[in-house]
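In order, the protein sequence lines correspond to chains A and B.
Add 18 to the 1-based position in the first sequence for our numbering, that's all there is to it.
Add 146 to the 1-based position in the second sequence for our numbering, that's all there is to it.
Don't be surprised by glycine CBs; every beta carbon is placed ideally from N, CA and C.
Owing to the predicted nature of the structure, the values given are computational and were not obtained by experimental measurement.
In what follows, a structure is listed as structure tokens, so that the remarks can point back to it.
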Amino acid sequence: MAAGGADKFSVLLPTYNERENLPLIVWLLARTFQESGNNFEIIIIDDGSPDGTQEIAEQLEKIYGSDKILLRPRARKLGLGTAYIHGMKHATGNFIVIMDADLSHHVSLYCIKQKEGNFDIVSGTRYKGNGGVYGWDLKRKLISRGANFLTQVLLRPGASDLTGSFRLYRKEVLQKLMEKCVSKGYVFQMEMIVRARQLGYTIGEVPISFVDRVYGESKLGGNEIVSFLKGLLTLFATT
Amino acid sequence: RPGPGRVGPSLTVLTARLSRFSRPLSPQTAMTKLGQWLCGLALLGSAWAALTLEPPGLRLPAPFRQVLLPLPVYLLVAFGCYSLATVGYRLATFNDCEEAAAELQEHISAARADLRRRGLRF
Numbered sequence: 019m020a021a022g023g024a025d026k027f028s029v030l031l032p033t034y035n036e037r038e039n040l041p042l043i044v045w046l047l048a049r050t051f052q053e054s055g056n057n058f059e060i061i062i063i064d065d066g067s068p069d070g071t072q073e074i075a076e077q078l079e080k081i082y083g084s085d086k087i088l089l090r091p092r093a094r095k096l097g098l099g100t101a102y103i104h105g106m107k108h109a110t111g112n113f114i115v116i117m118d119a120d121l122s123h124h125v126s127l128y129c130i131k132q133k134e135g136n137f138d139i140v141s142g143t144r145y146k147g148n149g150g151v152y153g154w155d156l157k158r159k160l161i162s163r164g165a166n167f168l169t170q171v172l173l174r175p176g177a178s179d180l181t182g183s184f185r186l187y188r189k190e191v192l193q194k195l196m197e198k199c200v201s202k203g204y205v206f207q208m209e210m211i212v213r214a215r216q217l218g219y220t221i222g223e224v225p226i227s228f229v230d231r232v233y234g235e236s237k238l239g240g241n242e243i244v245s246f247l248k249g250l251l252t253l254f255a256t257t
Numbered sequence: 147r148p149g150p151g152r153v154g155p156s157l158t159v160l161t162a163r164l165s166r167f168s169r170p171l172s173p174q175t176a177m178t179k180l181g182q183w184l185c186g187l188a189l190l191g192s193a194w195a196a197l198t199l200e201p202p203g204l205r206l207p208a209p210f211r212q213v214l215l216p217l218p219v220y221l222l223v224a225f226g227c228y229s230l231a232t233v234g235y236r237l238a239t240f241n242d243c244e245e246a247a248a249e250l251q252e253h254i255s256a257a258r259a260d261l262r263r264r265g266l267r268f
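Shown next, in the form of structure tokens:
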């Protein structure tokens, strides 16, 4: 329990060149939390972005208050895993939310789902319920479903969507998992769920709509597929 | 003839993998997924080999023997068909979130207007 007895949600936002997206995410998060009446804080971990992300973050801190927006920047691009560790050190909430730039309007669903089943982890899924995607062509959907099928067969992870990066964790659970996980990049997200299952933590799922980057497009080329397969096989052999 | 250098590395990898079996299976060190698959395949494989090689005293009736030999291939093909059907079905039922995208665009406009009002210089 956080100080005062009520739940508090700490959102970790590692940023690199997110000057366009950052104000929108913060606005959406703040609005969602205020509407649902939950106590929150947003920890922005900027890795020395050259596009002025930190400057926008400072403006947001003035607008929302330094108890709600915490700036914990780093000197240069140091990777997602270390960003989460760094952010967690400063988090005062008892729940940690980790997310990408597009899905903030679903935060309230996560808080509700967690209460529902008292889950240790709540994970977003694009593949179940009314979850889904927007603006994906057939090829991208096929690759996504195929990769997910392979993951389910090989890892039997107990969650329908492993590569999503929108999750809510109990603080102690996240700390424990961060100690145990060794992968890098999004394979690290997959490893978290697999290890969580092994350690017996409960995982709840919430259908989410994955709308591609608010500005710009993500790529799904041959390189991404190869590195995904490498990561999957590594997890298969080591977990 | 393959030189010792070519066989060596793969042998060390194999022995490293197999050494997992010699570790005791306590609750803390569960077997890896690869380990589970190798165990399962070894079990099924030896059962199949035992039945196919027909040691004395273990002769199955003819129809069973006919099916037994190509059974691994049958199972592989069946799994392949199941995979195609499952992925195909999931692809066809992959939701497109039109409303969510439209809603997000509205949110973006509202956010920009509100933040501008509060003094944010984009």
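Work out the CA separation of residue j and residue i for me, nearest whole Å.
i	j	result
residue 65(A)	residue 42(A)	19 Å
residue 219(A)	residue 141(A)	12 Å
residue 85(A)	residue 118(A)	22 Å
residue 104(A)	residue 157(A)	37 Å
residue 204(A)	residue 106(A)	19 Å
residue 187(B)	residue 207(A)	29 Å
residue 134(A)	residue 25(A)	14 Å
residue 256(A)	residue 173(A)	11 Å
residue 99(A)	residue 219(B)	43 Å
residue 59(A)	residue 112(A)	11 Å
residue 184(A)	residue 129(A)	13 Å
residue 180(A)	residue 208(B)	47 Å
residue 268(B)	residue 94(A)	23 Å
residue 224(A)	residue 62(A)	24 Å
residue 179(B)	residue 97(A)	28 Å
residue 155(A)	residue 193(B)	46 Å
Please return the same chain residues whose Cβ sits closer than 6 Å to the Cβ of residue i, not counting the five positions on each side in sequence.
i	result
residue 192(A)	114
residue 227(B)	none
residue 259(A)	Because chain A in this structure spans residues 19 to 257, residue 259(A) falls outside the shown range and cannot be described.
With a threshold of 7 Å between beta carbons, is residue i in contact with chain A?
i	result
residue 225(B)	no
residue 263(B)	no
residue 219(B)	no
residue 266(B)	yes
What three-state label does DSSP hand residue i in the structure shown?
i	result
residue 223(A)	strand
residue 31(A)	strand
residue 241(B)	coil
residue 85(A)	coil
residue 143(A)	strand
residue 200(A)	coil
residue 38(A)	coil
residue 239(A)	coil
residue 57(A)	strand
residue 188(A)	strand
residue 260(B)	helix
So, is the C-beta of residue i closer than 7 Å to a C-beta in chain B?
i	result
residue 152(A)	yes
residue 70(A)	no
residue 42(A)	yes
residue 164(A)	yes
Once the 5 residues before and after residue i are set aside, which same chain residues still bring their CB inside 8 Å of it?
i	result
residue 76(A)	89
Cβ of residue i less than 7 Å from any chain C Cβ?
i	result
residue 81(A)	Given the protein chain composition of this structure (A and B), no chain C is represented.
*Counting Cβ pairs closer than 8 Å, one from the region 81-93 of chain A and one from the region 157-177 of chain A, do we hit at least three?*
No contact exists between the region 81-93 of chain A and the region 157-177 of chain A.
_If contact is defined by three or more beta carbon pairs under 8 Å, each pair taking one atom from either stretch, is the region 30-39 of chain A in contact with the region 48-59 of chain A?_
Output reads no: the region 30-39 of chain A does not touch the region 48-59 of chain A.
*On the three-pair Cβ rule with 8 Å, is the region 213-220 of chain B touching the region 191-202 of chain B?*
yes
_When you compare the region 243-252 of chain B with the region 66-73 of chain A, are there three or more beta-carbon pairs, one atom per stretch, that lie closer than 8 Å?_
no
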